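Chains as they are written, first to last, in our numbering: chain A, 1446 to 1563; chain B, 1446 to 1563. Even glycine gets a Cβ: it sits at the ideal position worked out from N, Cα and C. This structure is a prediction, so every number in the text was calculated from the model and none was measured. The structure appears below as structure tokens.
This is the structure we're talking about:
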């Protein structure tokens, strides 16, 4: 079986649009993914949704919205895919925004709900 | 003719949800409204959309999304309605968020596009 490791398109820093970035962040599951990436890049397989029964296609779509808005980078690495927040690009275009969102997400999940159950 | 000045419901500070706030801010027209309110409250009639042909019902809906998410307050004042950003509530719940969005919106409109044409 051949694994399909493809380079996906990412918007350039100059192409990032505030409304798109905010929309990508406006969903609890997508916020959860971003929160998991707050401490550094993760392999796609390490990134979990709070509901483990979510289909893989749904997870892929959540990643796609985040990537196309320029919030995350999704790159092939070995046989997997490496996800990371585009902090430098976001900070350059929208200073303080991603930091405030990550801070708020930490607050939202202060009750321990959500991710990192496995 | 009797003007209908009604008190509209607003979520309490503790009820504000990050995803809802980000969603409310994820639309160019709604961002434009928020930008106009950045320097202080405005009467509804002073708040203009970039496209003057937008129906009044659309404008009302944009205001509703912003109000229901807790981004703006929409209160009766005299014969009109007074709109304001709920800065204290937003700052208390999501520190730095509304400031970074307003800063970024200023950047987005640095080309002079958008509002304040009248």
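Requested in this report: Can you tell me which of the three DSSP states residue 1502(A) falls into?
Outcome: helix
Query - Cα-Cα separation between residue 1549(B) and residue 1463(A), rounded to whole angstroms - result: 7 Å
Requested in this report: Kindly indicate which three-state DSSP category residue 1418(A) falls into: helix, strand or coil?
Outcome: Because chain A here runs from 1446 to 1563, residue 1418(A) falls outside it and cannot be looked at.
**Report entry** Close beta carbons around residue 1535(A), own chain, < 6 Å, minus the five adjacent residues each side
**Finding:** Hits under 6 Å: 1543.
Requested in this report: Using alpha carbons as the reference points, say which of 1461(B), 1475(B), 1470(B), 1469(B) lies closest to residue 1495(B).
Outcome: Nearest Cα to residue 1495(B) within the set 1461(B), 1475(B), 1470(B), 1469(B): 1475(B).
**Report entry** Local conformation of residue 1473(A) per DSSP, three classes
**Finding:** helix
Query - Where residue 1546(B) meets chain A, residues with beta-carbon distance less than 7 Å - result: 1542
Query raised in the report: Checking contacts by CB at 8 Å: is residue 1479(A) closer than that to chain B?
Result: It does not; no Cβ of chain B falls within 8 Å.
Requested in this report: Mind listing the chain B neighbours of residue 1549(A)? Cutoff is C-beta to C-beta under 8 Å, in chain order.
Outcome: 1463, 1538, 1539, 1540, 1542
**Report entry** Opening and closing residue of the alpha helix (DSSP H) in which residue 1453(A) lies
**Finding:** Per DSSP, residue 1453(A) belongs to no alpha helix (DSSP H) and is neither H nor E.
Query raised in the report: By the 10 Å Cβ neighbour count, where 16 or more other Cβ atoms means buried, how is residue 1469(B) classified, buried or exposed?
Result: That one is buried.
Query raised in the report: When burial is assigned at 16 or more other CB atoms within 10 Å of the CB, is residue 1416(A) buried or exposed?
Result: Beyond the ends of chain A as shown, which are 1446 and 1563, falls residue 1416(A); an answer cannot be given.
Report task. Check whether the Cβ atoms of residue 1514(A) and residue 1479(A) lie closer than 8 Å to each other. Result -> no
Report task. Compare the C-beta of residue 1482(A) against all C-beta atoms of chain B and say whether one is closer than 8 Å. Result -> no
Query raised in the report: Applying the criterion that 16 or more other CB atoms from any shown protein chain within 10 Å of the CB defines a buried residue, is residue 1533(A) buried or exposed?
Result: exposed
Requested in this report: Starting from residue 1454(A), find everything on chain B with Cβ-Cβ shorter than 9 Å and list it in chain order.
Outcome: Correct list: empty, because the minimum Cβ distance to chain B is about 21 Å.
Report task. Enumerate in chain order the residues of its own chain whose CB-to-CB distance from residue 1452(B) is below 8 Å, with the five nearest sequence positions on each side excluded. Result -> Closer than 8 Å at Cβ, skipping near neighbours: 1520, 1521.
Query raised in the report: Tell me the DSSP bridge mates of residue 1513(B)?
Result: Looking at the DSSP assignment, residue 1513(B) forms no beta bridge with any residue, so it has no partner.
**Report entry** Reduced DSSP secondary structure (H/G/I, E/B, other) of residue 1496(A)
**Finding:** coil
Query raised in the report: Looking only at C-alpha atoms, which of 1512(B), 1459(B), 1551(B) sits nearest to residue 1526(B)?
Result: 1512(B)
Report task. Please report the Cβ distance between residue 1538(B) and residue 1517(B), rounded to the nearest whole angstrom; I am assuming they are in contact, meaning their Cβ atoms lie under 8 Å. Result -> The Cβ separation is near 15 Å, so there is no contact.
Query - Proximity test, residue 1460(A) beta-carbon vs the ligand COA heavy atom, cut-off 7 Å - result: No copy of the ligand COA appears in this structure; indeed no ligand is present at all.
Requested in this report: Take residue 1456(A) as the anchor and find which of 1501(A), 1486(A), 1509(A), 1482(A) has the nearest alpha-carbon.
Outcome: Checked all of 1501(A), 1486(A), 1509(A), 1482(A); the closest Cα to residue 1456(A) is 1509(A).
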